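Asker:
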Amino acid sequence: MLMACSPPKMALGSPSFRRSASGMPRIRMFARPVPVSVGPMLRELKKECDTPVPVLRRVAEAMAADMRAGLAVDGGSDLKMILSYVHSLPTGDEKGLFYALDLGGTNFRVLRVQLGGKDDRVIATEFEQVTIPQELMFGTSEELFDFIALKLTNFAANEGGKFHLSSGRMREIGFTFSFPVRQTSIDSGILIKWTKGFAVSGTAGKDVVACLNEAMVRRGLDMRVSALVNDTVGTLAGARYWDDDVMVAVILGTGTNACYVERTDAIPKLNGHAPSSGTTIINTEWGAFSTGLPLTEFDRDMDAASINPGEQIYEKTISGMYLGEIVRRVLVKMSKDGELFGRQSPEKLHTPFTLRTPDLCKMQNDSSSDLLAVGAVLYDVAGIESEVGAREVVVDICDTIARRGGRLAGAGIVGILQKMEEDSSGLIFGKRTVVAMDGGLYENYTQYRDYLHEAVADLLGPELCRNVVIEHSKDGSGIGAALLAASNSKYDHDF
Ligand code: BGC
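Here is the structure:
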């Protein structure tokens with residue numbers, strides 16, 4: 016990992032890539048120094064993206080303050096602090112066949128699970144993943160939900176084996192919908208706005224469960240949504256099924272968000288309508304957080320060019336959809352103003368979102384002395400022929416952006432833990448507390464994950480850190496949604 020600014024180098028004899036007719040890279044040798052002007056630009060970038068402990072502490076404190084403001088009154092802060100209507104989490108007693116549908120990114124998943132109660136737990140699961148055609152992300156609401164209902168119908172038609180629906184029951188489904196929704200009950204909610212690049216017309220302002228139900232009716236599919244949940248809430252429920260100490264769930268994938276268990280007496284906006292359980296799950300929608308973040312011209316330009324300018328600023332700084340794009344913007348500037356890649360004018364690099372976060376991850380994991388994988392990514396993504404000095408700079412930029420993102424995500428987690436601890440001393444730091452994490456960014460980008468853990472440790476210190484377990488809960492949200500469908504079933508519980 017390159018932490019310091021790499022001095023410009025004369026990279027005599029370093030290889031660059033050209034594809035042969037067979038598509039295999041052919042090594043070509045040439046010499047080109049990394050221009051001196053890139054050094055100051057890189058130093059400036061690092062300075063602007065720096066996240067020393069005082070900055071992280073301010074972010075954590077602002078997160079906690081924004082949480083309180085959002086709990087006081089709707090619209091009280093950037094953080095919507097959405098009431099999930101999930102007042103109790105799975106106990107392990109749940110039994111029967113339940114479905115889940117997980118819509119939150121470019122793929123959606125359908126899943127069925129046969130639950131066997133305390134003794135047998137999860138008897139069987141089956142799932143299918145479907146890629147949403149690009150045009151549906153920009154189409155109409157009906158087109159999107161018809162497509163989902165079709166895939167769901169096909170999936171349900173293959174039920175068999177270990178899966179049994181109790182007689183006289185309709186199939187019930189937990190619907191994980193990972194966009195900001197103003198929840199109106201456990202099985203209804205109004206889409207506030209799309210995020211993560213979705214721009215489907217006609218859904219915002221509508222009940223997404225009604226949209227799905229109508230599409231299921233059009234398809235003749237006999238299924239009922241019994242729980243509508245955010246993916247963070249699904250993850251929390253799924254993780255809690257196995258571990259009673261889970262109090263917070265965080266998604267770091269294409270988008271980002273967090274939810275946690277809140278005491279109802281700490282939610283003034285409930286106006287006395289508190290459930291008897293005394294606790295409820297709050298979906299923070301922390302992607303909209305924006306206070307005190309160290310931002311650069313690249314972030315501001317990306318935001319201005321986005322389909323939701325001025326919104327989801329924290330998400331745009333720390334989540335998987337955007338890290339690659341930020342780096343691309345830095346590279347465009349450095350190749351134009353600093354001749355990072357010599358005289359080449361890498362046209363393909365000018366296309367937004369051509370460089371993706373998995374590319375950054377691949378480049379940062381390149382341990383070859385000539386950074387061959389970095390060279391290959393630059394060539395494949397943008398047709399850039401690079402020499403080793405430039406590749407080192409590119410890795411350094413990736414590291415700078417991933418480091419800022421991971422550390423700011425860690426500060427957000429600490430903000431939530433601190434808020435919970437301040438309200439109930441000993442609730443978090445006085446015992447083992449688990450933060451369930453999921454999402455491709457957290458799972459696959461090792462350096463990002465390490466930076467996140469490092470920031471949590473920096474902020475909490477070794478003593479408090481001992482009780483906080485940050486745990487990967489892989490794909491927990493699907494099972495979690497099915498479990499919540501079970502606990503909110505319209506039928507008498509046989510558990
Ligand atoms: C959405 C959240 C979601 C998160 C992670 C964000 O863009 O607004 O509702 O939980 O992505 O999928």
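Counting in this note's numbering, the sequence shown runs from 16 upward without gaps. Backbone N, C-alpha and C define an ideal beta-carbon position, used for all residues, glycine too. Bear in mind that the values here come from a model prediction, so they are computed numbers and not experimental data.
1) Which parts of the stretch 304-377 are runs of the alpha helix (DSSP H), unbroken and 4 residues or longer, counting only runs that do not cross its ends?
2) Taking just the CA atoms, how far does Arg72 sit from Thr295?
3) If you measure from the CB of Ile266, is any heavy atom of the ligand BGC nearer than 8 Å?
4) What do you reckon, is the C-beta of Lys284 under 8 Å from a heavy atom of the ligand BGC?
5) Can you find a C-beta in chain B that's less than 9 Å from the C-beta of Ala451?
6) Can you name the start and end residues of the beta strand (DSSP E) that Thr191 belongs to?
7) Assuming Arg481 is part of the beta strand (DSSP E), what are its boundary residues?
8) Quick one: Cα of Ile416 to Cα of Glu362, how far?
9) With Met349 and Val53 assumed to form a contact (beta carbons below 8 Å), what rounded beta-carbon distance in angstroms separates them?
10) Output the boundary residues of the alpha helix (DSSP H) element that contains Gly85.
11) Got a sec: does the ligand BGC put a non-hydrogen atom nearer than 8 Å to the Cβ of Gly189?
12) Between which residues of its own chain and Ser37 is the CB-CB distance below 7 Å, once the five residues before and five after are set aside?
13) Could you have a look at Met56 and say whether DSSP puts it in helix, strand or coil?
14) Which ranges would you report for the beta strand (DSSP E) in the stretch 231-269 if only whole runs of at least 3 residues count?
15) What are the complete beta strand (DSSP E) segments, minimum 3 residues, inside the stretch 138-171?
16) Decide if the stretch 217-233 is in contact with the stretch 75-90; the criterion is three or more beta carbon pairs, one per stretch, under 8 Å apart.
17) Span of the alpha helix (DSSP H) holding Val101?
18) Please tell me whether, using a cut-off of 8 Å, the distance from the CB of Asp490 to the nearest non-hydrogen atom of the ligand BGC is below it.
19) Does the contact criterion of 3 or more C-beta pairs under 8 Å hold for the stretch 435-444 versus the stretch 92-102?
20) On the three-pair Cβ rule with 8 Å, is the stretch 215-224 touching the stretch 453-461?
21) Would you say the beta carbon of Glu330 is closer than 8 Å to some non-hydrogen atom of the ligand BGC?
Answerer: Taking the definition as stated:
1) 312-320, 328-333 and 335-352
2) 27 Å
3) yes
4) no
5) Protein chains in the displayed structure number just one, and chain B is not present.
6) Arg186 to Phe192
7) First-last for Arg481: undefined, no H or E at that position.
8) 23 Å
9) 6 Å
10) Val68 to Ala87
11) False, no ligand heavy atom lies under 8 Å from that Cβ.
12) Confidence is the limiting factor: at Ser37 the pLDDT is only 38, short of 50, which leaves the residue's position unreliable, though a coordinate-based value still follows. When the five nearest sequence neighbours on each side are left out, no beta carbon in the same chain lies closer than 7 Å to the beta carbon of Ser37.
13) helix
14) 238-244 and 261-267
15) Listed in chain order, the beta strand (DSSP E) elements of length 3 or more contained wholly in the stretch 138-171 amount to none.
16) no
17) From DSSP, Val101 is part of no alpha helix (DSSP H); its letter is neither H nor E.
18) no
19) Result no; under three Cβ-Cβ pairs closer than 8 Å.
20) no
21) yes
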